[in-house]
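These notes are about the structure you will find just below.
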Amino acid sequence: MSDVVEKTLSALPGLLSLEPGSKLSATAKLGAFIRGLNDLASRQDEEKLIKKELAALKEQVSAPTTSPKQMRECLVRLIYCEMLGYEASFGYIHAIKLAQQGSLMEKRVGYLAVSLFLNESHELLLLLVNTVLKDLQSTNLLEVCMALTVGSQLFPPDMIPAVLPLVEEKLQHSKEIIRRKAVLALYKFYLIAPNQVQHIHDKFKKALCDKDPGVMAASLHIYLLLIKENPDGHKDLTGSFVTIFKQVVGGKLAVDFNFHNVPAPWLQIQLLRILRLLGKDDPVTSELMYDVLDESLRRADLSHNITYAILFECIQTIYTIHPKSELLAKAAKCTAKFILSSKNNLKYLGLKALTYVIQQDLNLVLQHQLTIIECLDHPDPIIKRETLELLYRITNAQNVAVIVQKMLDYLRQTTDEYITVNLIGKIAELAEKYAPSNEWFIQTMNTVFSVGGDVIQSDIPNNFLSLLAEGFDDEVENKQLRLYAVNSYLALLEKPNTRYPRRFLQVMSWVLGEYSYLKTETKPEDIIQKLHCLLGNCAADLETKAWILSAITKLFRQTSNSKALSEIMQSFGNSMESCLRQSCFELRQLVENRELMHAVLPLNASCDEIVVDVSLSFLDGFVADALGRGAAPYKPHHQRQEEKLPQEKVLNFEPYGLSFPTSPDTFAITGRQSPTGLSVNSEISYNSMESGLKDSDSLKLEGVKKTWGKKGYLRNKESQEETLSKTSGIFKGEVATARPSSAENPACISAEEEERHLLASSLFVGLGSNDLVNLIGKSQSTAHKFRRKLMNVENENSYEKPMTAQKATASHPAQLSHPVDNVPESCISFQESQVVSLGKATTYPGMERAQVSDQSWTLSNNLMMNKARPTASKESFSGLFADGNFDIVQPALCNAASVTREPISSLTPSFPVEFSEYSHSNLEQVCATENIALFFCKIWKEDCLLIILFFSNHSNVKVINASIDFALTEELQAGEDTNFHFDTVESHFSDRCQLCLQMVKPCTQVALAGHISYNPEYSHCTEEKFTIALFLSDFLRPLKLSTEEFGNLWLSLTNDVKQNLNLSSNSPEALTSALRALQKEFRLHIVAIIVIALERTSGKGSNFRKWWQDREKEQKGSLLASCFHQHPVYFIVDCTLGFCHCGCDQVAVSFQTVCCTSAKK
Amino acid sequence: MIKFFLLMNKQGQIRLSRYYESMEILKRTLLESDVIKKCLSRTKGQCSFVEYKDFKLVYRQYAALFVVIGIDDAENELAVYELIHNFVEVLDKYFRRACELDIMFNLDKVHVILDEMILNGRVAETNKSRILAPLLALDKMSEN
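Here the protein sequences come in this chain order: A and B. Residue numbering for the first sequence follows the numbering used here, beginning at -4 and increasing consecutively. Residue numbering for the second sequence follows the numbering used here, beginning at 15 and increasing consecutively.
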């Protein structure tokens, strides 16, 4: 055929000059457009032409005189424009119209354009449903056909029920094409909404047994999916599939299903895939297939590519199902045909098949080792790459060096970023697993880092460093490895004029900072000097600079010579980058205070656990001071953005590149804004903020995801290695037998060939042959070269959890509004942070209770609640509802008000681990005397509010007979007892008790009064009173409701309590802002605004009329607008959590909250 | 699964494109120019499959026309390679002697043919007469 085309193309110039209307039937405009496209010389020309065309089209499609025929032509031109990358959304609606109105060919083009223009979620798609519905009922088969085709291309999932009965009906149609298309449409429905078609599985079976092979073939798409999801549920169909396959292979289909004399090849492939899924790990089912697979292999006539395509699937199937040695042998022979073929396509597929096969049988690789070596040097990079993939799977401790070398060679040549990233991951994985020696490992990783450059993913250096830091069981070896790394980096830095990628620099600086103390012969000053140079020279990004600076900080610990300090201060003490500046000041502070430095930067302790006070409670005193001095309270970033948004609609002056990353996977602590208005990268600010903590600039080793390798696959390799290690000794002999030709006439062995054999023996060493195919028995007993120590596994897990639970609060570090760059302030904050790092334990220094009233939310200025203003601490809001992503934790058994009295060994209580999965407030002090202190924290459990009280005795004597009583007001209900008694509390010990509370009568704020009495030994009884403020929001829980569910609840909620809000002015704005405030603060979601016409009660309707008209533009309210024009308006806003009725004068809020009731449930 | 079907000429001009996963227009253009670069840089003897990001391109050249199909890992490259040939044979059968201009002037019809062959990224029909049946019927009705 290709020569036919070639002939035609040679006549192309002649065709071009053809007049429109001759053979190429096209209307004049389309013809001219196409000719214009053909003559294009440049991209600019194209743009010009298309822009012009689009303008003309816009006019033409919207003209009422355009006939369907012309419209069809317009749509084709629009398809062209979109194809060339120019959006033509103005035409979408016309495509739908044409599908609706056109006849036959026009209709088909309309449908076609719809399927090309729209995507699954496009809103216009709804308009298509009616047309499809109509065409499905048409008597014209072609129209039915079209409707089914478009239905199987895209359809709104919600509307499937509307057409489903019609489509099902078509399964019984007399014409095969209709039945076939109906099956394909059902397949699509299954893809987008599987539950909608669950009930018609029987009909799929009928389609499978259809007398027409086309319908049967179409049903296989559905079955492939079904079987993939649930192979066990369809084992009974195996017989049918085998029979069908037998018939197809046996040539029982009509001749027109053949493709180059091969009967229905794509159908065969599909069947083979299904059989593979069914026969996997199932000897009985596999047994049924052996015959037909054998026949398929036997009948394969290797004259055409398509046969190879079938064979490839056949091989995969044979190696996936329960093995039968006879078939395996035949499949192996087939694989050889691929591998040895001179055609590159077949060779490629052969390598792919081999990669698949070796998971079961390594012998095959040994048979083809020389071919594989040839492929390694193949001129086609794709083949080379596939070979590397194969080698990657057969790597073991003996051949790792050669294979990694080959991979690195490839890496150096490739420019494709995707391949580079992929390959680097594999090399790093292999190096870590099989490294023969420390030197090799470090060298290889050095190459990876320098070749990988900046595309390298962060997990690779992270893993490498955690490997270095965690080490292995053997301390001596650890030391050697680290020392070697230090040496190699020092040598690299010695080289003049070499640039290293930033990730590599980061790795180097971390290792030097952490481990250069191992190298006793080099003075720390020299290394500092070197790093300082690096810092000065490199055009590195801020992040890298921060890494280097933190390494320098660590190095200062090892020397008492602080000469270099002044230079560093000089060059970076007034850097434009606030985080560098801050690091410098921290460095100076540390150098001046040696004791502190040793505490903050212990040697070789990068793996030790650091408890981070993520809530930054140590800053609370400072914050309170600042607030007292009139500073604005801290607002989390998203809130600032939101507030800025309305003002900044005009122009955004902030450069995009510097904007604040809010992604949750950066270190969970948000940075603070610098006074220049530029924001600092959050990662960096994390460093600077917490650099009092040891190691903060370097890696966080705990919790770093270790994603090395695919587990399932690893097992495989291990088992291979295990079985093969037995025979590895004999292997060299086998190489000789594998090349009989060379043994016969040694004269013809060229030097090149010799080299190849050498390579082969180094590559395939360790892959012994075992007579029995190792298929099922998979054991694992290989010692990895670098086996990680299992460090703090339990700790890690238990530690990680509270971290994530606290994320919500952590990302809004308590009200930090002051700029950090301000040097004196930053010093203060730093000094405070030392408490944390010194103690290495969560500490909650005594501080004032958060000044709740200052941060309490206020409804917008002119809105006043009749009842007490709900004051809620920002903290509890953000903790509970931050970004609305509060997930209700699984209902846990709540032992209400039980007292747990395990003495907590530290004086300042720490948050109990068992509650870490819940969101909770910070620990706050409620009362304190010279002897004791009482702390509490709130835990927002799903079904109640849990108050945990910590009674801590910081006197030197024990306290006896302490008791705490709570006096509950009528609004509250406790789960159990409200009196707690502690017999004795040892000196410097804490006890705790918990109180489970529910709100029975909704109110915005309630005080929980308590009374504590205790008896210090050798002294008389003391009493104290305290109160804890509880807010409505402490008891509110998000109620997950669908709109329907809410609708059902609608009438059942008769116990709503109404609350009237007086609007100070009757302006529409007041109402709007009131609504907004309600929405924002209570998370009430407006479902609909219903307008009720009532008697005119006041003359103030006009304001609302205007307001309503404005609203009307944005909201769907037209239905009720008509009654509005004669009457004043009342609004009823129905909220998912309550109702809100709004009138002209009053806003009635009722939140006898569903949420409260749900809390009770 | 088949991700997209492209038809382009040696100059790198797209003549037909069909995506089986929705993609923004801008991304399509970028992808197409990458694909063109990848395929045009290959020599005749080289293998007809190219890696591109996380999927593979299968391409086949007919004189000045290239057909490129993007597939994922689960697809059989060779079967797709032959599917291209089947498509071209269908075009030949319909247009008698298919050429670039036939495709350009009958873009809608070529799409109709393609829609019969590939649906949702799966091979829907490969029987040539069945692929052409609806289109021929439409042509006949339109003439009347």
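Yeah, the Cβ is synthetic: ideal placement off N, Cα and C, and Gly gets one too. All of these numbers come straight from a predicted model, not from anything done at the bench.
Original post:
Roughly how many angstroms lie between the CA atoms of A:His255 and A:Lys401, to the nearest whole one?
Top reply: For the purposes of this step, residue 255 of chain A is identified with residue 260 of the first sequence, where counting begins at 1. For the purposes of this step, residue 401 of chain A is identified with residue 406 of the first sequence, where counting begins at 1. Their backbone Cα atoms lie some 41 Å apart in a straight line.
Original post:
I think A:Val995 touches A:Leu1025, with their Cβ atoms under 8 Å apart; what is that distance to the nearest whole Å?
Top reply: Residue 995 of chain A sits at position 1000 when you count from the first residue of the first sequence. Residue 1025 of chain A sits at position 1030 when you count from the first residue of the first sequence. 13 Å between Cβ atoms; not a contact.
**OP:** Kindly give me the distance between the Cβ atoms of A:Ile927 and A:Phe946, rounded to whole angstroms, as I take these residues to be in contact under 8 Å.
**Re:** Indexing the first sequence from 1 puts residue 927 of chain A at position 932. Indexing the first sequence from 1 puts residue 946 of chain A at position 951. The C-beta distance from A:Ile927 to A:Phe946 rounds to 7 Å, short enough to fall under 8 Å.
Subject >> Three-state secondary structure assigned by DSSP to A:Thr1017 >> reply: Sequence index remark: in the first sequence, residue 1017 of chain A carries index 1022 (1-based). Per DSSP, reduced to three states, the secondary structure at A:Thr1017 is strand.
**OP:** Taking 8 Å as the cut-off, decide whether the C-beta atoms of A:Leu137 and B:Leu152 are in contact.
**Re:** Translated into positions along the first sequence, residue 137 of chain A becomes position 142. Translated into positions along the second sequence, residue 152 of chain B becomes position 138. Yes, Cβ-Cβ distance for A:Leu137 and B:Leu152 is below 8 Å.
Original post:
Just to confirm, are A:Gln584 and A:Ala559 a CB contact at a threshold of 8 Å?
Top reply: Locating residue 584 of chain A in the first sequence gives position 589, counting from the first residue. Locating residue 559 of chain A in the first sequence gives position 564, counting from the first residue. No, Cβ-Cβ distance for A:Gln584 and A:Ala559 is not below 8 Å.
Original post:
Does the beta-carbon distance from A:Leu149 to A:Ala142 come in below 8 Å?
Top reply: For the purposes of this step, residue 149 of chain A is identified with residue 154 of the first sequence, where counting begins at 1. For the purposes of this step, residue 142 of chain A is identified with residue 147 of the first sequence, where counting begins at 1. Not a contact, by the Cβ cut-off of 8 Å.
Subject >> 8 Å Cβ cutoff met for A:Cys140 and A:Ile91 >> reply: Here residue 140 of chain A refers to the residue found at position 145 when the first sequence is read from its first residue. Here residue 91 of chain A refers to the residue found at position 96 when the first sequence is read from its first residue. Their beta carbons are not under 8 Å apart, which means A:Cys140 does not touch A:Ile91 by this criterion.
Original post:
What is the C-beta distance between A:Phe567 and A:Val502, in whole angstroms, given that I count them as a contact (C-beta under 8 Å)?
Top reply: Position 572 of the first sequence, counted from the start, is the residue given in the question as residue 567 of chain A. Position 507 of the first sequence, counted from the start, is the residue given in the question as residue 502 of chain A. Actually they do not touch by this definition, with Cβ atoms about 22 Å apart.
Subject >> is_contact[A:Ala295, chain B] using C-beta, thresh 8 Å >> reply: Locating residue 295 of chain A in the first sequence gives position 300, where the first residue counts as 1. No, no contact with chain B.
Original post:
Expressed to the nearest angstrom, what Euclidean distance is found between the alpha-carbon atoms of A:Asn956 and A:Pro1011?
Top reply: For the purposes of this step, residue 956 of chain A is identified with residue 961 of the first sequence, where counting begins at 1. For the purposes of this step, residue 1011 of chain A is identified with residue 1016 of the first sequence, where counting begins at 1. Answer to the nearest angstrom: the Cα atoms are 8 Å apart.
Original post:
Does DSSP put B:Glu65 in a helix, in a strand, or in coil?
Top reply: Position 51 of the second sequence holds residue 65 of chain B. The answer is strand: DSSP assigns B:Glu65 an E or B state.
Subject >> N- and C-terminal bounds of the beta strand (DSSP E) containing A:Ala969 >> reply: Start at 1 with the first residue of the first sequence, and residue 969 of chain A comes out as number 974. Here the beta strand (DSSP E) through A:Ala969 covers 967 to 969.
**OP:** Please confirm whether A:Ile305 and A:Gln263 have their CB atoms less than 8 Å apart.
**Re:** Walking along the first sequence from the start, residue 305 of chain A turns up at place 310. Walking along the first sequence from the start, residue 263 of chain A turns up at place 268. Cβ distance < 8 Å, so A:Ile305 and A:Gln263 count as in contact.
Original post:
Got a sec? Which residues, its chain only, sit under 6 Å from A:Ile1007 by beta carbon, not counting five neighbours each side?
Top reply: As a working mapping, residue 1007 of chain A is identified with position 1012 in the first sequence. Excluding residues within five positions, the ones whose Cβ falls inside 6 Å are Ile959, Glu1019.
Original post:
Which same chain residues, not among the five before or five after A:Glu729, have their C-beta less than 6 Å away from its C-beta?
Top reply: Within the first sequence, residue 729 of chain A is the residue found at index 734, counting from 1. Annotation note: pLDDT 41 at A:Glu729 (below 50); position unreliable, coordinate value reported separately. Cβ within range, chain order: n/a, list empty.
Original post:
If you count every other CB in all the chains shown that lies within 10 Å of the CB of B:Gln25, and 16 or more means buried, which is it?
Top reply: Mapped onto the second sequence, residue 25 of chain B falls at position 11. It is exposed - the Cβ of B:Gln25 has fewer than 16 other Cβ atoms within 10 Å.
**OP:** Can you pull the chain B residues whose beta carbon is under 7 Å from the beta carbon of A:Lys183, in chain order?
**Re:** The residue labelled residue 183 of chain A in the question sits at position 188 within the first sequence. The contacting residues are Asn134.
**OP:** With DSSP as the reference, label A:Ala1004 as helix, strand or coil.
**Re:** On the first sequence, position 1009 is the one that residue 1004 of chain A refers to. Looking at A:Ala1004 - three-state DSSP - the assignment turns out to be strand.
**OP:** Could you tell me the boundaries of the alpha helix (DSSP H) in which A:Glu919 lies?
**Re:** On the first sequence, position 924 is the one that residue 919 of chain A refers to. Not the alpha helix (DSSP H): A:Glu919 falls in the beta strand (DSSP E), residues 919 to 923.
Subject >> Simplified DSSP assignment, three categories, for A:Leu1031 >> reply: Walking along the first sequence from the start, residue 1031 of chain A turns up at place 1036. If DSSP states are grouped into helix, strand and coil, A:Leu1031 belongs with coil.
Original post:
In three-state terms, what does DSSP make of A:Ser958?
Top reply: Along the first sequence, read from residue 1 onward, the residue named residue 958 of chain A stands at position 963. A:Ser958 falls in the strand class under three-state DSSP.
Original post:
Taking three-plus beta-carbon pairs below 8 Å as touching, is the region 55 to 73 of chain A in contact with the region 114 to 122 of chain A?
Top reply: no
Subject >> Local conformation of A:Arg498 per DSSP, three classes >> reply: The residue labelled residue 498 of chain A in the question sits at position 503 within the first sequence. It is helical.
Subject >> chain B within 8 Å of A:Ser291, Cβ atoms only >> reply: For the purposes of this step, residue 291 of chain A is taken as the residue at position 296 of the first sequence. With 8 Å as the cut-off, A:Ser291 does not count as an interface residue toward chain B.
**OP:** Determine the closest residue to A:Leu386 out of A:Val352, A:Thr238, A:Gln577, with distance taken between C-alpha atoms.
**Re:** The sequence position of residue 386 of chain A within the first sequence is 391, counting from 1. Checked all of A:Val352, A:Thr238, A:Gln577; the closest Cα to A:Leu386 is A:Val352.
Original post:
Of all the CB atoms in chain E, is at least one closer than 8 Å to the CB of A:Gly80?
Top reply: Of the protein chains in the structure, A and B, none is chain E.
**OP:** Return no unless some Cβ of chain A is closer than 8 Å to the Cβ of B:Met155.
**Re:** Taking the second sequence and counting its residues from 1, the one referred to as residue 155 of chain B is at position 141. Output row for B:Met155: interface = yes.
Subject >> Proximal residues to A:Gly31 (C-beta, below 7 Å), its chain only, five neighbours per side dropped >> reply: Along the first sequence, read from residue 1 onward, the residue named residue 31 of chain A stands at position 36. Taken in chain order, the residues that qualify are Leu44.
**OP:** For my contact list, A:Leu283 and A:Thr330 are in at a C-beta cut-off of 8 Å; report their separation, rounded to the angstrom.
**Re:** As a working note, residue 283 of chain A is residue 288 in the first sequence. As a working note, residue 330 of chain A is residue 335 in the first sequence. Not really, about 24 Å apart at Cβ, beyond 8 Å.
Subject >> Within chain A, the residues that B:Gly59 reaches when beta carbons sit closer than 9 Å >> reply: Within the second sequence, residue 59 of chain B is the residue found at index 45, counting from 1. Simply Asn339, Pro374, Asp375.
Original post:
So A:Phe1030 packs on A:Leu940, CB below 8 Å; how close in whole Å?
Top reply: As a first step, residue 1030 of chain A must be located in the first sequence, where it is residue number 1035. As a first step, residue 940 of chain A must be located in the first sequence, where it is residue number 945. Right, the Cβ-Cβ distance comes to about 6 Å (below 8 Å), so this counts as a contact.
Original post:
Looking only at C-alpha atoms, which of A:Gly26, A:Tyr81, A:Leu93 sits nearest to A:Pro59?
Top reply: The residue labelled residue 59 of chain A in the question sits at position 64 within the first sequence. Closest option to A:Pro59, Cα to Cα, is A:Leu93.
Original post:
Is A:Asn256 close to chain B, meaning its C-beta is less than 8 Å from at least one C-beta of that chain?
Top reply: Indexing the first sequence from 1 puts residue 256 of chain A at position 261. Not an interface residue.
Original post:
Thinking C-alpha only, which one of A:Leu181, A:Asn391, A:Phe759, A:Gly508 is nearest A:Leu365?
Top reply: In the first sequence, the residue the question calls residue 365 of chain A occupies position 370. When each option's Cα is compared against that of A:Leu365, the closest is A:Phe759.
**OP:** Could you list which residues in chain B have their beta carbon closer than 8 Å to that of A:Gln148, in chain order?
**Re:** Looking up residue 148 of chain A in the first sequence gives position 153. Per Cβ cutoff of 8 Å: Asp129, Leu133, Asn134.
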